[in-house]
Structure formats: C-alpha cells, structure tokens
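To keep things clear, I will list the structure first and then write my remarks on it.
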Ligand code: G1P
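Residue numbers (this note's numbering): -12 to 279.
Next up, the structure:
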C-alpha cells in the first residue's frame, strides 16, 4: 500500500522573486489558500496518510500551516465564527500526519528525496513536486490512478505528458517500449534521461512531477553521482531502477500548472478562481468585463 508521500520544498524559488523572498513560494496563495494545500490534498485524495516535507530552515511556515493554531482557533471560537473555525480545523483529515525533515545542502531533487529515506523506510511512496498543480476533471485523478496501478502491478509509475520538441531540454524525458499510452494508461519504460539536448531526446514525453516509487529507489539514490546541472537527479536513479525492476510511464489526463514561474502561477490563479465553489461565478463575470 502506498501511504507516504515525499514533497521536496527546500528550494528558494528564485523564479518567483521578489514574492518568494521572505515567504516560501509554496505558501503563495492560489485564490484563497497556499499552493501547497492543493498538492497535499491531491496526495490525501490518492490515499496518502503521511506527508513528508523535505524542507529548509527558512521554510517552516509550510509545516506551521498544517499544524494546529491554538490561539487563532480559540479566538474564532470566542467570536462564534464556527464555519471558519471548522475550516481551519479540517484543512487535513485527522488521520493524515505531516512530518518535516531537512535538506541541509541544495544538491538536487534526487538528494532531496533521499533525505526522506529514514521516514519512508521500507515502503513504496509517492513523490509530488509542489511547483506543479494538477487539476483533473471528473475522471479518477491522476495520482490516485498511479497509486492504484502501482498497487495492482508493482511497477513504478512516472507521470508524463508530451511537450513541444523545443522544450525537451527542460524536463526528464522518457523512452517507451511501444506506442505512447492513452491518457490514464501506463506503458513500459525502457529509458529516462534528465534534460537531454533537443537532438538527443528519446521522445517528447516529459516527466511532470508525480512519481510512485518502490523503497529500493532510496538505495539507488544513495549511489547516484551528480548528473545534469551537477545535481543528484531523481531521473538518474529511476534509470538505474528500470534496469532490474518494472517502471512505467503513466500518461496524465488532467491539466498541469507550473507554479514555479510567474506566468504558470498566474494561470493557476485564474483557473482556480474561475472554478472556485463560492467565488467562481463572480470571478467569471469579472473576467468577461476584462476582455470586452
Ligand atoms: C524536475 C525533474 C524533471 C521533471 C521536472 C518536472 O526538474 O528533475 O525530470 O521533468 O522537475 O517539473 P526541475 O524542474 O526541478 O528542473
């Protein structure tokens, strides 16, 4: 059973400066809640019970957000603000815990995931990159589908989507055994390479920021030397894993927003604002006045 998720949140978010200078980029609001809440809730909906934040001393606001704020709750209680109080208390279900470990040096995504090894132990786990928000409409959500597929087949699941040829050098790129899978399906992976040169990319299928991995990847990460950008890459450890264990590319169905850059962040804000259960209608009416 996949019950743990690792969220690497130690990065400084330089692409979001100056907004991210004194608050973590993961705490920037997407409409009325921090971006990290969307990612954590996506994990919880996929059955995750333990969220492992791989964090930095400057980013404790993230773990504080998921903790109880006794004074605030007391004040809301005294003032009879019951629905707000209930909302504060129910950000996460009671059976979900949030644990923070530190990444002492910025040595790459693979290194960040390896920092969670003592908490992950001998269990399979999900990795969610918090810059990426995934919105999945109607159908089973992508991460939940990946967890289900892992639990039935035992094959690691790496979420992918096609990108334009000129952007393959910004992502992990995979090579498959056969044809590209239909959205919501998985196919056997034969190779994976981090940020290949445009003329060396094995396909246009990019790694999106959602992974379901067996515990043995931790041993591989410990033995992975620095790769692209002189960083320890999760991609390189997955390349070792697929030499002797099944690894599949899962074709995403939903839509992604890259909140790690300003334009992607704004796109997410507009998207979630227009769909907000309370404010959506007013927001859509407001947006119409902008384009007329
Ligand atoms: C990381 C991964 C890369 C993946 C990307 C998705 O890269 O290393 O394989 O495609 O996230 O967002 P980064 O964006 O941290 O450079």
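All C-beta atoms, glycine included, are put in the ideal place defined by N, C-alpha and C.
Among 213, 207, 238 and 145, which one has its Cα closest to the Cα of residue 231?
When C-alpha distances from residue 231 are compared across 213, 207, 238 and 145, the shortest belongs to 207.
Could you tell me if the beta carbon of residue 195 falls within a distance shorter than 7 Å of some heavy atom in the ligand G1P?
yes
If we require 4 or more residues per run, which alpha helix (DSSP H) segments fall completely within the region 207 to 270?
The qualifying runs are 221 to 228 and 249 to 261.
Note the first and the last residue of the continuous alpha helix (DSSP H) segment covering residue 129.
In the DSSP assignment, residue 129 falls within the alpha helix (DSSP H) that extends over 129 to 140.
I think residue 131 touches residue 32, with their Cβ atoms under 8 Å apart; what is that distance to the nearest whole Å?
6 Å
Work out the CA separation of residue 5 and residue 19 for me, nearest whole Å.
Answer to the nearest angstrom: the Cα atoms are 20 Å apart.
Find out if the Cβ-Cβ distance for the pair residue 244, residue 261 is shorter than 8 Å.
With respect to the 8 Å criterion, residue 244 and residue 261 are not classified as neighbours on the basis of their beta carbons.
Compute the beta-carbon to beta-carbon distance between residue 221 and residue 100, rounded to the nearest angstrom, for a pair I have assumed lies under 8 Å.
Taking a contact as a CB-CB distance under 8 Å, the pair residue 221 and residue 100 counts as one, their CB atoms being some 6 Å apart.
With a Cβ-Cβ cutoff of 8 Å, do residue 37 and residue 78 count as a contact?
No, the Cβ-Cβ distance between residue 37 and residue 78 is not below 8 Å.
By Cβ distance below 6 Å, which residues in the same chain neighbour residue 215 in space, the five residues on each side in sequence not counted?
181 and 182
Checking the sheet assignment: what are the DSSP bridge partners for residue 87?
Residue 87 is bridged to 40.
Taking the straight line between their C-alpha atoms, what separation do you get for residue 45 and residue 139?
Distance between the alpha carbons of residue 45 and residue 139 is about 40 Å.
Just to confirm my understanding: we take residue 123, look at its own chain, exclude 5 residues before and 5 after, and list those with CB closer than 7 Å. What are they?
129, 240 and 241
Output needed for residue 191: all residues of its chain with C-beta closer than 7 Å, excluding positions within five of it in sequence on either side, in chain order.
149, 150, 152 and 155
Would you kindly report the start and end of the unbroken alpha helix (DSSP H) that includes residue 57?
According to the DSSP assignment, residue 57 belongs to the alpha helix (DSSP H) that extends over 57 to 65.
DSSP three-state call for residue 24: helix, strand or coil?
helix
Could you give the DSSP three-state label for residue 1: helix, strand or coil?
helix
Measuring only the C-alpha atoms, how far is residue 105 from residue 28?
Those two C-alpha atoms are separated by around 23 Å.
Contact check, residue 194 vs residue 134 under 8 Å by CB: the rounded distance?
About 17 Å; that fails the 8 Å criterion.
DSSP three-state label for residue 197, please.
Three-state result, residue 197: strand.
Expressed to the nearest angstrom, what Euclidean distance is found between the alpha-carbon atoms of residue 47 and residue 22?
15 Å
Using beta-carbon positions only, say whether residue 117 and residue -4 come within less than 8 Å of one another.
yes
Please report the Cβ distance between residue 142 and residue 161, rounded to the nearest whole angstrom; I am assuming they are in contact, meaning their Cβ atoms lie under 8 Å.
No, residue 142 and residue 161 are not in contact; Cβ-Cβ is about 13 Å, not under 8 Å.
Tell me the rounded alpha-carbon separation between residue 60 and residue 76.
8 Å
According to DSSP, simplified to helix, strand and coil, what is residue 273?
Assigned with DSSP and collapsed to three states, residue 273 falls in helix.
What span of residues does the beta strand (DSSP E) with residue 176 cover, start to end?
173 to 181
Applying the 10 Å Cβ sphere with the 16-neighbour rule, what's the burial state of residue 269?
exposed
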